[in-house]
Amino acid sequence: MTVSTHGMKVNWGSRSLRAAVELLSSMRFSISLLTVICIASIIGTVLKQAEPLGNYVNQFGPFWAQAFSLLSLNTIYSAWWFLLILAFLVISTSLCISRNAPKILADLNQLKENVREQSLKAFGHRAEASLAEAPEAAARRIGQTLVQSGWKVKLQQRQTPEGGGWMVAAKKGAANKLGYIAAHSAIVLVCVGGLLDGDMVVRAQMWLNGKSIYTGGGLIADVPAQYRLSDSNPTFRANLLVAEGTQASTAILNQPGGVLLQELPFSIELKKFIVEYYSTGMPKLFASDIIIHDKETGEKIPARVEVNHPARHRGVEIYQSSFDDGGSSVTLKAIPMAAASKPFEIQGTIGGTSSLTNGQGEGAEKLTLEYTALRVINVENFASGGSMGGSGADVRKVDLHQAIDSRLGAANKTVTQKELRNVGPSVSYKLRDSAGQAREFHNYMLPVKTDPDENSPAVYLMGVRETPSAPFQYLRIPVDTEGAMETFLRLRAALADPAQRELAVRRYASQAIGRDRPELAQQLAASASRALALFAGSGTDAAAAGNGSGKTAGLQAISDFMEANVPEAERNRAGEVLVRILNGALFELAQMTREQAGLKPMAQDEKTLGFMSQMVLSLSDAHFYPAPMAFELKDFTQVQASVFQVARAPGKTIVYLGCAFLILGVFAMLYVRERRVWVWLAPRVPLGQGAPAGGDSVPELAANSQATMALSTNRKTMDGDKEFEMLKTKLLQGPV
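As structure tokens, then:
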């Protein structure tokens, strides 16, 4: 009883093993795995990979960002389940090949010459004919004809109850079955190559050698050994940034949640980085002149790395990936956006930070200035409807609360004409407050003329955005006759000074009315004083304009004041009058600041009118600028850096071989048809006579033979029909 039970367990276990092997090697299982891999690859293509978690939160929301992280959809090609599916696909396809390949290889040499005569009459392509040849002679002639046409032929003499005969069996297109093996082998090779060049080997080293992902910061030289992979690592793909005049030998291998450091068997010194641009501003050429310093031999090997033209040393490919700033030094000038701020200059390095203080005493706010980027070339489109204004731009729509109709760098407008212009260098930085909140800024060094009107001034562009996904919105500061923004700064400071405003109001009223009508001049002075106070955001009028919700400033304060104090029917006319008074008072204030600075007054012409129109808009928008100061790029010293991708990819050759197998396999299965031909040749017995007695000679007519021909093919096509007709004509017409 015990033995019988044990035997049942063994049988059950063997049946389970056979069932598991049957499942793994089945075509349905392989296709299911391949389908999942294709879906995962589509997700990995649509969803940006290895982005910071904040980017997914901004784009999809916290719920989906968390879901992506849990399912590793943001790093799908290194996810454990994706690698596991690849491994099972390799096992499944390998088992499928091992089961079917022996049968296919055995079938290559089988011509199936033992097929019966009656079976030939059941084929779709069949024919019969009488030949004036003996069966043996006909068989040899037919066999020779087929051999000359590239067929593999076998002749067989056969004795049957009806009499003797010859069977001609031929085969062509055996490569069709080899295509099956090649195509399935290609899947295995590509998957194996992908596993070798993926994260599987790196993760194995982490498990076996005690390596872990580094999540901190600091200098690369200070990172402990447990976060470093040795230079003998058989497979990796990492990034290496090298600034001009420096060298580096430790690359960064990005991992989910952190990085690993990959040591190289050599160091790369960047002698010079070269970048050339098209007229559109797009880069045309990236190239790096480097020197490879071999650590083992000390040899120095000069090389040049370009896009699609990598260098190679000790089995490591060095690709030109991109370029970056290598630590350029910049000099910035602080432009005060608040009355308490004072102009000053500060120097920094791209990638570095500086500490600032806004205000004095205990209430001073601590700020951190982060230098993020320096761009020397900025090519923008100035055509009508383009991204840089033209006749489609309206400078009055510059508003830090709304999207700008024509903003720098916008790519959301269809442009039929192009007027490309290099607007010069720009600097990007972040200003972070004591709570850690930061805004991003993008300011151009040189003034830009965005309006084709000749009376419209060039403007300095000061960009700001709250989040990385939002577009930049630009404050435009007009350039004065001295080619600077000093008039704006002086006028903004004077606007915040009540004494200066009052002096400007008296000058404006005196010049507008004269001394003959003091009462009217006094009324005009009161209106101008109120308009300036509202515009400056100071005094009780500004508070009243805010409808009790706090002070407002700029043109918005005047608009709020009109809505609160003027009937709707009279609002448009009263608003025009008040804005005209405001413009006149601001013009006198600007003239005063120029006189105090020892500069000649502005001429009263169309250019000055355009300048003051833009100045009013700039002063109004400056109240809503979300920082106490902006920074103007005054000077810089550029240092370029190359970003190299260094890769040791042993699976690359395997993948290339798999691609070659796939091409051959698909070609063989689609374009090569397997065909088999059988011709049965039997003696033809004269009509009315039986078979001759043993030993007697056959009558003359019996020397002729009866032929039965059949053709089989793995696909029914028109070419198969034509080939059968051709073979029937060549083989069954007899000797020529």
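Note that the sequence shown covers residues 234 to 969 in the working numbering.
We put the beta carbon where it would ideally sit given N, CA and C, even for glycine.
Inset, instruction - From the DSSP output, read off the bridge partner residues of residue 586. - result: The partner list for residue 586 (beta bridge, DSSP) reads 603.
Legend entry - When 679, 673, 722, 541 are compared against residue 704, the one with the closest alpha-carbon: With distances taken between Cα atoms, residue 704 lies closest to 673.
Legend entry - Alpha carbon of residue 837 to alpha carbon of residue 578, nearest angstrom: The alpha-carbon atoms of residue 837 and residue 578 are separated by roughly 34 angstroms.
Legend entry - Cβ-Cβ separation, residue 693 to residue 718 (assumed contact under 8 angstroms), whole Å: Your pair residue 718 and residue 693 checks out as a contact, with CB atoms roughly 6 angstroms apart and the cut at 8 angstroms.
Legend entry - Through-space distance from residue 446 to residue 306, alpha-carbon basis: Those two C-alpha atoms are separated by around 19 angstroms.
Inset, instruction - Could you tell me whether the segment 534-547 touches the segment 822-831, using the rule of 3 or more Cβ pairs below 8 angstroms? - result: They do not touch, by the three-pair rule.
Legend entry - Member of 582, 402, 552, 324 whose CA lies at the smallest distance from the CA of residue 520: The shortest C-alpha separation from residue 520 is found at 552.
Inset, instruction - Measure the C-alpha to C-alpha separation of residue 635 and residue 321 and round it to an integer number of angstroms. - result: Because the pLDDT of residue 635 is 37, which lies under 50, any placement of that residue in the model is unreliable, and the question is left without a value.
Inset, instruction - Using beta-carbon positions only, say whether residue 656 and residue 681 come within less than 8 angstroms of one another. - result: Against a cut-off of 8 angstroms, the Cβ pair of residue 681 and residue 656 comes out as a contact.
Legend entry - Residues bridged to residue 696 [DSSP beta-bridge criterion]: DSSP output for residue 696 lists 675, 707 as bridge partner(s).
Legend entry - Contact set for residue 569: own chain, Cβ-Cβ below 8 angstroms, skip 5 residues either direction: Cβ neighbours of residue 569 beyond the five flanking positions: 575, 576, 722, 725, 726, 861, 862.
Legend entry - Euclidean distance between Cα positions of residue 799 and residue 767: Straight-line measurement puts the Cα of residue 767 at about 15 angstroms from the Cα of residue 799.
Inset, instruction - Have a look at 794, 556, 951 and flag the residue whose alpha-carbon is nearest the alpha-carbon of residue 873. - result: For the options 794, 556, 951, the alpha carbon positioned closest to that of residue 873 is the one of 556.
Legend entry - For residue 591, the three-state DSSP class (helix, strand or coil): When DSSP states are grouped into helix, strand and coil, residue 591 belongs to the strand group.
Inset, instruction - Could I get the ranges of all uninterrupted beta strand (DSSP E) runs contained in the segment 321-355, with 3 residues as the minimum, in chain order? - result: Runs found: none.
Inset, instruction - Specify, as a first and last residue, the run of the beta strand (DSSP E) that residue 493 falls within. - result: Counted as a single uninterrupted DSSP element, the beta strand (DSSP E) harbouring residue 493 occupies residues 491-510.
Legend entry - Extent of the continuous beta strand (DSSP E) to which residue 662 belongs: Element bounds for residue 662: 659-665.
Legend entry - Inter-stretch contact (C-beta, 8 angstroms, three-pair minimum) for the segment 750-763 and the segment 597-606: In this structure the segment 750-763 does not touch the segment 597-606; the number of beta carbon pairs closer than 8 angstroms is below three.
Inset, instruction - With DSSP as the reference, please indicate the residues paired to residue 462 in a beta bridge. - result: In the DSSP assignment, the residues bridged to residue 462 are 495.
Legend entry - Other residues of its chain near residue 526: CB distance less than 7 angstroms, five sequence neighbours each side excluded: By the criterion of a C-beta distance shorter than 7 angstroms, residue 526 is surrounded in its chain by 480, 499, 500, 502, 533, once the five residues flanking it on both sides are discounted.
Inset, instruction - Could you tell me if residue 175 is buried or exposed, where buried requires 16 or more neighbouring beta carbons within 10 angstroms of its beta carbon? - result: Residue 175 lies beyond the stretch modelled for the chain, which goes from 234 to 969, so this question has no answer here.
Legend entry - C-alpha gap between residue 226 and residue 566, whole angstroms: The structure shown does not extend to residue 226, since the chain spans only 234 to 969, so no value can be given for it.
Inset, instruction - Between the Cα of residue 902 and those of 274, 448, 417, 812, spot the shortest distance and give me the residue it belongs to. - result: Minimum Cα distance to residue 902 is reached at 417.
Inset, instruction - Could you name the residues that DSSP lists as bridge partners for residue 579? - result: Note: residue 579 sits in a beta bridge opposite 565.
Legend entry - For residue 848, the three-state DSSP class (helix, strand or coil): Residue state, collapsed to three classes: helix.
Inset, instruction - Write down the C-beta distance between residue 378 and residue 964 rounded to the nearest angstrom, noting that I regard them as a contact closer than 8 angstroms. - result: Distance from residue 378 to residue 964 at the Cβ level is roughly 6 angstroms; contact confirmed, criterion being Cβ atoms closer than 8 angstroms.
Legend entry - Best match in 958, 957, 905, 962 for proximity to residue 413 [C-alpha to C-alpha]: It is 905.
Legend entry - Nearest-angstrom Cα separation, counted from residue 260 out to residue 376: Going by the C-alpha atoms only, they are around 39 angstroms apart.
Legend entry - Per DSSP, cross-strand counterpart(s) of residue 550: As DSSP reads the structure, residue 550 sits in a beta bridge with 545, 880.
Inset, instruction - Give every residue of the same chain whose Cβ lies closer than 6 angstroms to the Cβ of residue 875, excluding the five residues on either side of it in the sequence, and list them in chain order. - result: In chain order, 475, 503, 506, 521, 556 place their CB closer than 6 angstroms to the CB of residue 875, counting only its own chain and leaving out the 5 sequence neighbours on each side.
Inset, instruction - Give a yes or no on contact between the segment 656-666 and the segment 812-821, applying the rule of three or more CB pairs nearer than 8 angstroms. - result: Counting Cβ pairs under 8 angstroms, fewer than three are found: no touch.
Legend entry - Where the alpha helix (DSSP H) containing residue 959 begins and where it ends: Residues 951-965.
Inset, instruction - Would you give the residue range spanned by the beta strand (DSSP E) that residue 911 belongs to? - result: Note, residue 911: beta strand (DSSP E), 908-916.
Legend entry - Top-ranked residue by Cα proximity to residue 424, from 323, 384, 758, 456: Of the candidates 323, 384, 758, 456, the one whose C-alpha sits nearest the C-alpha of residue 424 is 323.
Legend entry - Cβ neighbours of residue 409 in the same chain (closer than 8 angstroms, five flanking residues each side left out): For residue 409, where only same-chain residues beyond five positions count, the Cβ hits under 8 angstroms are 901, 902, 905, 906, 907, 947.
Inset, instruction - Give a yes or no on whether the C-beta atoms belonging to residue 912 and residue 942 are separated by under 8 angstroms. - result: Yes.
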